[in-house]
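Student: Take 22 as the starting number for the sequence shown in the working numbering and just add one per residue.
Virtual Cβ for every residue (Gly too), placed ideally from N, Cα, C.
Have a look at this one before I ask anything.
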Amino acid sequence: YSNTWIRGIVGEVAGCSIAYPGNKESEMQRAWLDMTLDDDIRAYGSPMPMKEANNDEWYIETVATFPQYRGRGVATQLVKHVLNAYKDEKWSLNCDVTNEGALSVYKKLGFEANSKFDLYGHIHYHMVYKAN
Numbered sequence: 022y023s024n025t026w027i028r029g030i031v032g033e034v035a036g037c038s039i040a041y042p043g044n045k046e047s048e049m050q051r052a053w054l055d056m057t058l059d060d061d062i063r064a065y066g067s068p069m070p071m072k073e074a075n076n077d078e079w080y081i082e083t084v085a086t087f088p089q090y091r092g093r094g095v096a097t098q099l100v101k102h103v104l105n106a107y108k109d110e111k112w113s114l115n116c117d118v119t120n121e122g123a124l125s126v127y128k129k130l131g132f133e134a135n136s137k138f139d140l141y142g143h144i145h146y147h148m149v150y151k152a153n
């Protein structure tokens, strides 16, 4: 849980983020595979079947907001939290090129696309944080 952050609103979970050092990605993959999980969960496969992070970056794997809390700054607060908690790190994330809402949030926060690549059959931007 050391790489997961939760944002609550009035006692309810509104969203979460997951981030980690890119050079630890394969270690996290092994930890997932070593977990005791129900067969129905394990049937989904590995959550990280391919490397997404560069070794020299801290990588924001997930930013998720429940639908009823979207538009209330939850994603922004989650991303700002990890950026502030680890100010001296180089930060990155990947975002589907068609996800206009997420792209808008990330650009406002200071992320810039520096490449495009295929991730799980969808084109994504690899975005790097440019501190303001």
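1. Opposite K137 in the DSSP bridges: which residues?
2. Can you tell me where the alpha helix (DSSP H) with K122 in it begins and where it stops?
3. If you measure between the beta carbons of Y146 and N105, is that distance less than 8 angstroms?
4. When burial is assigned at 16 or more other CB atoms within 10 Å of the CB, is Y150 buried or exposed?
5. In its own chain, which residues sit with a C-beta less than 8 angstroms from the C-beta of E73, not counting the 5 before and 5 after it?
6. DSSP three-state label for V10, please.
7. Taking 8 angstroms as the CB-CB limit, is S23 close to chain C?
8. Mind checking Y107: buried by the 16 CB within 10 Å criterion, or exposed?
Tutor: In brief:
1. According to DSSP, K137 shares a beta bridge with Y146.
2. Residue 122 is actually Gly in this sequence, not Lys. E121 to L130 is the extent of the alpha helix (DSSP H) around G122.
3. Going by C-beta atoms, Y146 is not nearer than 8 angstroms to N105.
4. Under this definition Y150 is a buried residue.
5. Cβ neighbours of E73 within its own chain (closer than 8 angstroms, five residues either side excluded): E46, Y80, E82, N115 and L140.
6. As displayed, the chain neither begins before 22 nor continues past 153, which places residue 10 out of reach and without an answer.
7. The structure shown contains no chain C; it is built from a single protein chain.
8. Around the beta carbon of Y107, fewer than 16 other beta carbons sit within 10 angstroms, so the residue counts as exposed.
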